[in-house]
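Q:
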Amino acid sequence: MKNIATFLLTVVLPIVIITIMLRDATKDNTLLDNLREEYAIPHIPSVDHSKHAELQRDFDDPHEITATCISCHTERGSEVLANAHWNWEREAYIEGRGVTYLGKRNLVNNFCTGILSNEATCNRCHIGYGWFDDGFDHNNPYNIDCLICHDNSGLYDKARGMAGYPVPGLDFQTIVQQVGRPEKDNCGYCHFYGGGGNNVKHGDLENALLNASWETDVHMSAEGANLECIDCHKTTNHQMLGRYYGVSSDNTMRATCEECHTSLPHTTKTLNEHAVTVACQTCHIPVYAKVNPTKMHWDWSTATDRIDGEPYEIIDTLGNLLYTSIKGDFHWVQNAIPGYTWFNGTADHHLISDVISENDSIIFINTLFGDAADPGARIYPVKVHTGRQPYDTEYRTIIQAKLWDQQPGMGALWVDLEWEEALAAGMEYIGMPFSGEYDFIDSKMFLMINHMVSPAEQALQCEDCHTRRGGRLTAINDVYIPAQTTNAAIDHFGVIMLLMATAGVVLHALMRFLARKKRTH
Amino acid sequence: MKQMKMVYLYSRYERFWHWTQAFLILFLALTGFEIHGSYRLFGFENAVHLHNNAAYILIVLIIFTIFWHFTTGEWRQYLPTGKNLKAQLDYYITGIFRNAPHPVKKTILSKLNPMQRLVYLGLKIIFIPVMVLSGLAYMLYRYQYDGVIHSSGFNDLYLIASIHTLGAYILLAFVIVHVYLITTGHSLTSNLRAMITGWEALEEETTDKETEQK
Ligand code: HEM
């Protein structure tokens, strides 16, 4: 008895005490407290634009507004002209391609394929006025639309199909007197509606962020840090941090969690050690599309169907558009679980000029580089968007369809509902050959999930990945993940050894028992 | 009849060490195989904490015990001998069923039979060190010190974990056989009682073979 008590006292008790101590060692996160304090200080503008003499008037021509801005902010025009938001193109080196000039201007995506031949409607989201076609002057600073980013009145609006020009009849005198730093709804005006509707494209960027709850987004929620986009997408001279790998390719100027949180954000060392391999977003954004669904699949091949000669739509009980004759079939998901992939900050893209090999059954609209052996790569959450895109079966390239026009009979798919003409018109505009033979091919695109960070208590727990089956990182098989990864040879050997040891012992005991029985009888 | 005499075989420290180590190894196996993903018991996070803490305690225990072995000279008990090894093996394979006598007598100066010497020495110089070293390599694979995450430089976690897991299976197999073999003393429980109380009845002198000892 005394032995057992001593034993419990000297062995079991210390383990229990140490374990409890370590578990409850949640030291105060001073780093986080400091950040909260720092960002609680409101921005006080140094200028009140309503006091400027130049702005005490109405404007008819939006270009004139821009000229007025530049008359004081003399160097800002040329800054913007050098900006990717303006050029929709960036110089980047891509492994295997060399130096490239890629961007929304010339790339294809997994949604409306691309802007070419559709500029009048797509380029409503350009920070300029009048990019109707490739004749647009990118060197004229008076083509810049300052207001789309700097309007703080909430009154500014761009017209549909007008290549970025504002809707007619705006009260410009009121608007120009209330310009200031970009706020969430400035950025969101375009970035929430990518792909043609709220949350369609990104899944983690949508208008619910304007009034986000603490659970939806701890950064943007008023209950949380109440940040503006530009608090993280820090900007100097109109160059802002942030990369969207649907159009970007290189590992520069990224907006990162570490900017504010440092690379050692946790009070627990084990978690900090994870951050060498696992991106912050992986654990801290366990689900995205938390408030409204996002489009996960877009099948163009079913477009142009008609009922009784008329285009139609199918809408589910939740209001999601499942089919429309002009675009095809869609899948939507709310509270989506991300996919996970290695990523080192560099990416490649499927260019419209790339030839699709005979062996390819799927094309990757973009490719995120990185693997376990790459010290610069970490595991990131992604939205994996699948699609079916038109391609030329003869020349084996993706085809950019002409989607939109002011009037019928111009070959626009959304107007005339004729594939062949839309494909021919799009390729003619680009100046690429179209054989007339086309089919549809599966396509995949990866979109990084960076927003909608959940409260810490809702971050992934150990077992979400450290489990034998059904873990979040099941697809990651080139790095050792305790509990998920096994060495099959050792497990088989070990289990067989344990079974043999047990069987041997039982058999031996049985034989002893029988032998003794025989002796005593 | 052979003379039996109560002998104080296992000192207080030796018993403490033995049972603590037994408990720790079982506990490490229990938590370790949860970390391995074999089952869910404490929860992964708790299992890791418990495993780590038990490992620290085991390392401290091992350091004290190394010291004990050398100060008491008990390390000599583990010097391997080929003499009677075959006889001991034969005893377990055949003799025990005929109720043949133990081929090697247990004395204070030689508490372990040749097979025990060999196996326990193997544990001391191979299997437990391998567990401790691979376990430490697992812990230090990456560690935060002075505001920076360092790497031990021994970076193949797959290899580290494979060695550690293999060692765990071997230790468990040892425990199974060990627990059984302690029932092969003079009586089923005489060895067990000796390791608890320290005292065991040993033969004082040998007479001719006793066959009926029931
Ligand atoms: C001082 C000795 C030991 C140390 C320092 C040690 C340390 C560790 C560490 C750090 C881990 C990984 C935990 C994590 O994922 O963070 C681990 C896993 C494990 N340990 Fe130990 N351990 C020791 C002894 C043992 C013993 C004696 C056993 C079993 C008899 C054992 C069985 C296991 C098993 C099965 C795993 C899971 C391996 C895997 O699947 O990756 N360990 N140990």
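Protein chains in written order, with numbering that gives the first Met the number 0: chain F, 0 to 520; chain E, 0 to 213. Think of the CB as a built atom: it goes at the ideal place given N, C-alpha and C, for glycine as much as any other residue.
Pairing CB atoms from the stretch 171-190 of chain F with CB atoms from the stretch 142-150 of chain F, are three or more of them under 8 Å?
A: The stretch 171-190 of chain F vs the stretch 142-150 of chain F: in contact.
Q: Taking Cβ positions only, does residue 192 of chain E come closer than 8 Å to chain F?
A: Not one chain F Cβ lies under 8 Å of residue 192 of chain E.
Q: Do residue 423 of chain F and residue 433 of chain F have their beta-carbon atoms positioned less than 8 Å apart in this structure?
A: Going by C-beta atoms, residue 433 of chain F is nearer than 8 Å to residue 423 of chain F.
Q: At the level of alpha carbons, what is the spacing between residue 390 of chain F and residue 198 of chain F?
A: Between residue 390 of chain F and residue 198 of chain F, the C-alpha separation is close to 27 Å.
Q: Hey, residue 173 of chain E and residue 122 of chain E are a contact pair by Cβ (cut 8 Å); roughly how many whole angstroms apart?
A: Right, the Cβ-Cβ distance comes to about 7 Å (below 8 Å), so this counts as a contact.
Q: DSSP on residue 213 of chain E, reduced to helix/strand/coil?
A: With a pLDDT of only 32 at residue 213 of chain E, under 50, the local geometry of the prediction cannot be trusted, and the value read off the model is given with reservation. If DSSP states are grouped into helix, strand and coil, residue 213 of chain E belongs with coil.
Q: Starting from residue 297 of chain F, follow the beta strand (DSSP E) in both directions and report where the run begins and ends.
A: That run of the beta strand (DSSP E) goes 293-298.
Q: In chain order, what residues of the stretch 242-273 of chain F put their CB closer than 7 Å to some CB of chain E?
A: Listed by position, the residues of the stretch 242-273 of chain F near chain E (Cβ gap below 7 Å) are 263, 268, 271, 272.
Q: Using a Cβ-based criterion (distance less than 7 Å to any ligand heavy atom), does residue 131 of chain E qualify as near ligand 1?
A: Yes - ligand 1 has a heavy atom lying nearer than 7 Å to the Cβ of residue 131 of chain E.
Q: Considering only residues of the same chain and omitting the five flanking positions on each side of residue 136 of chain F, which have a CB-CB separation below 7 Å?
A: So the qualifying residues of the chain are 142.
Q: Excluding five sequence neighbours on each side, which residues of the same chain lie with their C-beta closer than 8 Å to the C-beta of residue 16 of chain F?
A: Result list for residue 16 of chain F: empty, nothing under 8 Å.
Q: Which same chain residues, not among the five before or five after residue 343 of chain F, have their C-beta less than 7 Å away from its C-beta?
A: Excluding positions up to five away in sequence, the list reads 250, 368, 369, 373, 375, 376.
Q: Does the distance between the C-beta of residue 50 of chain E and the nearest non-hydrogen atom of ligand 1 fall short of 7 Å?
A: The answer is yes for residue 50 of chain E.
Q: Using a threshold of 7 Å, is the CB atom of residue 47 of chain E nearer than that to any non-hydrogen atom of ligand 1?
A: At least one heavy atom of ligand 1 is nearer than 7 Å to the Cβ of residue 47 of chain E, so yes.
Q: According to a CB-to-CB cut-off of less than 7 Å, which residues of the stretch 144-167 of chain E neighbour chain F?
A: Going along the stretch 144-167 of chain E in chain order, one finds 146, 148, 156, 157, 160, 161, 164, 165 with a Cβ nearer than 7 Å to chain F.
Q: Below 8 Å on the Cβ atoms is my contact criterion, and I expect residue 347 of chain F with residue 319 of chain F to pass it. Report the Cβ-Cβ distance as a whole number of Å.
A: Actually they do not touch by this definition, with Cβ atoms about 32 Å apart.
Q: List the residues of chain F that residue 36 of chain E touches, going by C-beta distances under 8 Å, in chain order.
A: Near residue 36 of chain E (Cβ distances below 8 Å), the residues of chain F are 465, 466, 467, 481, 482, 483, 485.
Q: Please list the partners that residue 95 of chain E has in chain F, where partner means a Cβ-to-Cβ separation under 7 Å.
A: The contacting residues are 511.
Q: Run through DSSP, which three-state label would residue 425 of chain F get?
A: Three-state result, residue 425 of chain F: helix.
Q: Do you know how far the Cα of residue 102 of chain E is from the Cα of residue 210 of chain E?
A: Low local confidence applies: a pLDDT of 38 at residue 210 of chain E is under 50, so the model's placement there is unreliable, with the coordinate-based value given in what follows. About 14 Å.
Q: Report the three-state DSSP secondary structure of residue 463 of chain F (helix, strand or coil).
A: Note: residue 463 of chain F maps to helix in three-state DSSP.
Q: To the nearest angstrom, report how far apart residue 206 of chain E and residue 104 of chain E are at their CA atoms.
A: Residue placement at residue 206 of chain E cannot be trusted, given a pLDDT of 42 that sits under 50; what the coordinates show is reported in the next sentence. So the alpha carbons of these two residues sit roughly 12 Å apart.
Q: Taking residue 270 of chain F as the reference, which of F:410, F:455, F:173 has the closest Cα?
A: Ranking F:410, F:455, F:173 by Cα distance to residue 270 of chain F puts F:455 first.
Q: Alpha carbon to alpha carbon, how far is residue 12 of chain E from residue 185 of chain E?
A: Whole-angstrom Cα-Cα distance: 24 Å.
Q: Closest Cβ-Cβ distance between residue 107 of chain E and chain F: below 8 Å?
A: Chain F, which has no Cβ nearer than 8 Å to the Cβ of residue 107 of chain E, makes this no.
Q: Counting pairs of beta carbons, one from the stretch 238-258 of chain F and one from the stretch 92-104 of chain F, are three or more of them closer than 8 Å?
A: Touching, yes.
Q: Quick one: list the residues of chain A neighbouring residue 431 of chain F, beta-carbon separation under 8 Å, in chain order.
A: As a matter of chain content, chain A is missing from the structure shown, whose protein chains are F and E.
Q: Give a yes or no on whether the minimum CB-CB distance between residue 42 of chain E and chain F is below 8 Å.
A: It does: the Cβ of residue 42 of chain E has a partner Cβ on chain F nearer than 8 Å.
Q: Please return the same chain residues whose Cβ sits closer than 6 Å to the Cβ of residue 279 of chain F, not counting the five positions on each side in sequence.
A: Result list for residue 279 of chain F: 256, in chain order.
Q: Any heavy atom of ligand 1 inside 7 Å of the beta-carbon of residue 65 of chain E?
A: No, the beta carbon of residue 65 of chain E sits no closer than 7 Å to any heavy atom of ligand 1.
Q: Name the chain F residues whose beta carbon is nearer than 8 Å to that of residue 176 of chain E?
A: In chain order: 500, 503, 504.
Q: If I measure Cβ to Cβ from residue 40 of chain E and keep anything under 6 Å in the same chain, skipping five residues before and after, which residues do I get?
A: Only 33 meet the Cβ criterion.
Q: Give the C-beta separation of residue 30 of chain F and residue 171 of chain E to the nearest angstrom, bearing in mind that I take them to be a contact with Cβ-Cβ under 8 Å.
A: Not confirmed; about 43 Å, so no contact.
Q: Count the other C-beta atoms from every protein chain shown that fall within 10 angstroms of the C-beta of residue 407 of chain F, then say buried if there are 16 or more, exposed otherwise.
A: It is exposed - the Cβ of residue 407 of chain F has fewer than 16 other Cβ atoms within 10 Å.
Q: Are there any heavy atoms of ligand 2 lying less than 7 Å away from the beta-carbon of residue 432 of chain F, as far as the coordinates show?
A: In the structure shown, ligand 2 is absent; the only ligands present are ligand 1.
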